[in-house]
Amino acid sequence: MDKLNILVIENESLVALEITQTIQEFGFNQVEYVTTPNMAKDILAKNPINLILMDINLGKSINGIDLYKSLDIDIPIIYLTAYKDNSTISKAIGTNPLGYLIKPINSDELNALLRLAQYKISTQNNKIELGEGYYFNTKENKIFYKNRFIHLGTKELKLLKLLILAKGNFVSYCTIEQEIWGSETISSSALRTLIYRLRGKLDYKLIEVENSYGIRINNLNLT
157 MDKLNILVIE
167 NESLVALEIT
177 QTIQEFGFNQ
187 VEYVTTPNMA
197 KDILAKNPIN
207 LILMDINLGK
217 SINGIDLYKS
227 LDIDIPIIYL
237 TAYKDNSTIS
247 KAIGTNPLGY
257 LIKPINSDEL
267 NALLRLAQYK
277 ISTQNNKIEL
287 GEGYYFNTKE
297 NKIFYKNRFI
307 HLGTKELKLL
317 KLLILAKGNF
327 VSYCTIEQEI
337 WGSETISSSA
347 LRTLIYRLRG
357 KLDYKLIEVE
367 NSYGIRINNL
377 NLT
């Protein structure tokens, strides 16, 4: 199974340390903890985290549910909280969490949820790695950079999916015009502008341009 890279977000240092040590005792060694939203954002930007455990009560500035929404990331989450009211639970459910643990945390329940998370992550087949930190989620029809969602326009998304289907091979400009615009008459600059916009939103190294023929996703090798 794939390894879990776990981030614990808990504003009380001692509690965060205790949870981290408990997780490590279960055999999950790749685990870090932070105590503030800014620290969490920094870790998520730099490390390949694939599971978050977060307290809903993070202090006065922001709660865990709103923080998770604001991050706009594609990472499973388990909420930790002392709140049992229906309102809080309903808000948490709205973010589609992997689980919800009531404090004080039962270690057996925590272990079971971690094993479930490990299984789900290891069996995911809806992510296509594009290189340079980018991947495409075929289930959500979205592209992410280091787990952060990148918004694409309708034609930009069509072009990206066309390049993914080509599996690293060049797609000719003629094919792109036919697939994106069909029989519609377009100006000579429309295609260039579309490619420019897409490359601008992604790493320029990700999409290779052959001026006389077409474009491709560089080093993409799908079987």
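Residue numbers (the numbering used here): 157 to 379.
Even for Gly, the Cβ is constructed at its ideal location relative to N, Cα and C.
Keep in mind the model is a prediction, meaning the values are calculated, not measured.
The stretch 275–293 in contact with the stretch 360–377 per 3-pair CB rule at 8 Å: The stretch 275–293 vs the stretch 360–377: in contact.
Cβ-based burial, residue 273 [other Cβ within 10 Å; buried from 16]: Working through the sequence shown from its first residue, we reach residue 273 at position 117. Residue environment: residue 273 is assigned as buried (16 or more neighbouring CB atoms within 10 Å of its CB, all protein chains considered).
Option in 297, 270, 239, 264 with minimal Cα separation from residue 233: Counting from 1 along the sequence shown, the entry for residue 233 is found at position 77. 270 is the residue among 297, 270, 239, 264 whose C-alpha sits nearest the C-alpha of residue 233.
Cβ-based burial, residue 352 [other Cβ within 10 Å; buried from 16]: For the purposes of this step, residue 352 is taken as residue 196 along the sequence shown, with counting starting at 1. Exposed is the call here.
Exposure label - residue 319; buried when at least 16 CB within 10 Å: Working through the sequence shown from its first residue, we reach residue 319 at position 163. Its Cβ being crowded by 16 or more others within 10 Å, residue 319 is buried.
Proximity below 8 Å, CB of residue 302 to CB of residue 201: Here residue 302 refers to the residue found at position 146 of the sequence shown. Here residue 201 refers to the residue found at position 45 of the sequence shown. Yes.
Within 8 Å, strictly: CB atoms of residue 235 and residue 210: As a working note, residue 235 is residue 79 in the sequence shown. As a working note, residue 210 is residue 54 in the sequence shown. Closer than 8 Å, so yes.
Same chain, Cβ closer than 7 Å to residue 172, five either side skipped, listed in chain order: Taking the first residue of the sequence shown as 1, we reach residue 172 at position 16. Correct list, in chain order: 164, 166, 189, 191.
Short Cβ contact (8 Å threshold) for residue 335 with residue 347: Reading the sequence shown from its first residue, position 179 is the one you call residue 335. Reading the sequence shown from its first residue, position 191 is the one you call residue 347. Taking 8 Å as the Cβ cut-off, residue 335 and residue 347 do not qualify as a contacting pair.
Alpha-carbon spacing of residue 178 relative to residue 314, whole angstroms: The residue labelled residue 178 in the question sits at position 22 within the sequence shown. The residue labelled residue 314 in the question sits at position 158 within the sequence shown. If I take the Cα positions, the gap works out to 45 Å.
Which residues DSSP lists as bridging residue 190, in chain order: As a position in the sequence shown, residue 190 is number 34, starting the count at 1. In the DSSP secondary-structure assignment, residue 190 is bridged to 165.
Beta-carbon spacing of residue 283, residue 297 below 8 Å: Along the sequence shown, read from residue 1 onward, the residue named residue 283 stands at position 127. Along the sequence shown, read from residue 1 onward, the residue named residue 297 stands at position 141. Contact: no.
8 Å Cβ shell around residue 311 - same chain, five flanking residues per side excluded: Numbered from its first residue, the sequence shown carries residue 311 at position 155. Excluding five sequence positions before and after residue 311, the CB atoms of its chain that fall closer than 8 Å to its own CB belong to 336, 350, given in chain order.
Per DSSP, cross-strand counterpart(s) of residue 328: Taking the first residue of the sequence shown as position 1, residue 328 is located at position 172. Per DSSP, 370.
Beta strand (DSSP E) segment containing residue 293, residue limits: In the sequence shown, residue 293 corresponds to position 137, counting from 1. Run containing residue 293: 290–293, per the beta strand (DSSP E) assignment.
Through-space distance from residue 193 to residue 264, alpha-carbon basis: Translated into positions along the sequence shown, residue 264 becomes position 108. Translated into positions along the sequence shown, residue 193 becomes position 37. Between residue 264 and residue 193, the C-alpha separation is close to 28 Å.
Cβ-heavy atom distance, residue 347 to the ligand MG, below 7 Å: As presented, the structure is devoid of all ligands, the ligand MG included, so that no description of it is given.
Alpha-carbon to alpha-carbon, residue 184 and residue 160: Walking along the sequence shown from the start, residue 160 turns up at place 4. Walking along the sequence shown from the start, residue 184 turns up at place 28. Put simply, the backbone Cα of residue 160 is about 7 Å away from that of residue 184.
Straight-line Cα distance separating residue 203 from residue 243: Indexing the sequence shown from 1 puts residue 243 at position 87. Indexing the sequence shown from 1 puts residue 203 at position 47. Between residue 243 and residue 203, the C-alpha separation is close to 33 Å.
Coil, strand or helix - residue 285 by DSSP: On the sequence shown, position 129 is the one that residue 285 refers to. In this structure, residue 285 counts as strand in the three-state DSSP scheme.
Range of the contiguous beta strand (DSSP E) that encloses residue 298: Walking along the sequence shown from the start, residue 298 turns up at place 142. That run of the beta strand (DSSP E) goes 298–301.
Endpoints, alpha helix (DSSP H) assigned at residue 351: Against the sequence shown, residue 351 aligns to sequence position 195. Counting along the chain, the unbroken alpha helix (DSSP H) around residue 351 starts and ends at 344–357.
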